[in-house]
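Residue numbers (my numbering), protein chains in the order written: chain A, 1 to 80; chain B, 101 to 180. Even for Gly, the Cβ is constructed at its ideal location relative to N, Cα and C.
There are 2 protein chains.
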Amino acid sequence: MSRKRKSQLSARERFSGNVRAVRQANGLSQESLAAAAGLHRTYVGSVERGERNVSIDNMERIALSLGVSIIDLLKDDDES
Amino acid sequence: MSRKRKSQLSARERFSGNVRAVRQANGLSQESLAAAAGLHRTYVGSVERGERNVSIDNMERIALSLGVSIIDLLKDDDES
């Protein structure tokens with residue numbers, strides 16, 4: 001999800017990459033995830049690009065809509 | 101840290117309780133933690149009371165200042 005070494009990834013980078021990976025693995029569009037989480041599609045897109053300093057409440061809404069825990073979305077690839 | 105069952109705690113509730121617990125375990129005042137994280141003391145206090153919808157960047161700053169990972173601060177008591 002980045003050419004940086006995993007240990008250098010910020011929490012924001014790990015979260016954004018994991019949201020996209022889990023969403024795609026679940027076969028969901030950004031629209032579907034956004035609708036399930038009560039968020040706007042463009043907001044989900046900007047979260048996945050790491051452009052948003054996303055809040056803990058929205059992190060949890062996204063995690064619940066993806067069927068994973070907020071902790072799962074903060075792990076490095078090699079921890080998931 | 102709450103009379104709710106652990107499984108019912110929101111991410112915000114788990115984070116706020118864990119920040120306070122780790123800060124106190126480290127013998128740090130709210131002032132010291134705030135200074136280390138580049139935040140205001142009253143902000144740290146409101147995070148610990150669960151009043152703030154804290155952002156992922158500030159969550160990471162707090163975790164780094166406490167010497168733990170953001171994931172540690174989101175765990176339930178029985179996972180830490």
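Which listed residue (the options) has its alpha carbon closest to that of residue i
i	options	result
serine 116 of chain B	B/Leu128, B/Val154, B/Ser132 and B/Ala137	B/Val154
serine 169 of chain B	B/Val122, B/Glu113 and B/Gln108	B/Val122
leucine 164 of chain B	B/Ala136, B/Gly150, B/Asn126 and B/Gln124	B/Ala136
glutamate 48 of chain A	A/Ala11, A/Arg20, A/Leu66 and A/Gly38	A/Arg20
serine 46 of chain A	A/Asn26, A/Leu9 and A/Ala34	A/Ala34
leucine 73 of chain A	A/Leu9, A/Arg14, A/Gln30 and A/Gln8	A/Arg14
glycine 138 of chain B	B/Ala111, B/Leu166, B/Ile171 and B/Asn126	B/Leu166
leucine 109 of chain B	A/Asp76, A/Gly50, A/Asp77 and A/Asp57	A/Asp57
aspartate 77 of chain A	A/Asn18, A/Glu60 and A/Asn26	A/Asn18
tyrosine 43 of chain A	A/Lys75, A/Ala11 and A/Ile62	A/Ile62
Any non-hydrogen atom of the ligand GTP closer than 6 Å to residue i Cβ
i	result
serine 116 of chain B	Judged by which ligands are present, the structure shown has none, so any question about the ligand GTP falls away.
Proximal residues of chain A, C-beta to C-beta of residue i below 7 Å
i	result
aspartate 157 of chain B	Arg12 and Asn53
Opening and closing residue of the alpha helix (DSSP H) in which residue i lies
i	result
serine 32 of chain A	30-37
glycine 27 of chain A	From DSSP, glycine 27 of chain A is part of no alpha helix (DSSP H); its letter is neither H nor E.
glycine 148 of chain B	It should be pointed out that residue 148 of chain B corresponds to glutamate in this sequence rather than to glycine. Here the alpha helix (DSSP H) through glutamate 148 of chain B covers 141-148.
isoleucine 71 of chain A	From DSSP, isoleucine 71 of chain A is part of no alpha helix (DSSP H); its letter is neither H nor E.
Residues within the segment 61-79 of chain A neighbouring chain B, beta-carbon criterion of under 9 Å: Ala63, Ser69, Ile70, Ile71, Leu74, Lys75 and Glu79
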